[in-house]
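Below you'll find the structure, written out as structure tokens, and then a few comments.
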Amino acid sequence: MIISLASPTFDPEGALILHPSPDSQLADRARRVTRTATLDGGAAVNDAGYSVADRTLNIVLVLPSATTVAALQRLLRLYGRLTVTTPEAAFLAAPERLFVGTEEATLTLLVLAQLSE
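Heads up, the sequence shown stops at 178 in my numbering, and the numbers go up one at a time, no gaps.
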């Protein structure tokens with residue numbers, strides 16, 4: 062599997078190809094549902110439906126190179142929005158967090174919109 066990240070504007074160093082681990086979470090979906098306890102012991106549920114903007118992409122990279130980590134850090138430092146392409150679709154996402162451990166790095170992206178089918 063291949064995932065690409067790109068800056069929203071022209072940047073010669075603003076594109077990156079990643080080969081994520083199978084541990085990556087790219088297919089999670091949720092509905093906008095809230096549950097409130099009622100006085101009679103039941104619950105009231107409000108279901109506002111599904112929105113692609115509720116998705117979070119967690120990309121796990123095993124033993125990323127120092128060059129890859131530096132490029133990811135640069136993208137997160139400079140851009141509040143990134144274009145992300147996955148095998149499923151292209152998305153506009155906000156980078157939330159980059160965690161770099163000793164053996165893997167995890168990039169968390171908050172999806173804002175789906176750009177393609």
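All C-beta atoms in this analysis are idealised placements derived from N, C-alpha and C, irrespective of residue type, glycine included.
From a predicted model like this one, the values you see are computed outputs, not experimental measurements.
Cα-Cα separation between residue i and residue j, rounded to whole angstroms
{"i": "residue 91", "j": "residue 158", "result": "20 Å"}
{"i": "residue 84", "j": "residue 121", "result": "6 Å"}
{"i": "residue 81", "j": "residue 95", "result": "33 Å"}
{"i": "residue 113", "j": "residue 93", "result": "11 Å"}
{"i": "residue 137", "j": "residue 99", "result": "43 Å"}
Best match in the options for proximity to residue i [C-alpha to C-alpha]
{"i": "residue 79", "options": "129, 116, 69, 99", "result": "129"}
{"i": "residue 172", "options": "134, 96, 141", "result": "141"}
{"i": "residue 175", "options": "118, 62, 168, 74", "result": "118"}
Per-residue burial, residue i [other beta carbons within 10 Å of its own, 16 or more giving buried]
{"i": "residue 139", "result": "exposed"}
{"i": "residue 64", "result": "buried"}
Proximity of residue i and residue j at Cβ, strictly below 9 Å
{"i": "residue 77", "j": "residue 88", "result": "no"}
Close-in-space but distant-in-sequence residues of the same chain around residue i (CB under 8 Å, 5 per side omitted)
{"i": "residue 124", "result": "164, 165"}
{"i": "residue 178", "result": "150"}
Beta-carbon proximity list for residue i, same chain, < 6 Å, skipping 5 on both sides
{"i": "residue 107", "result": "95"}
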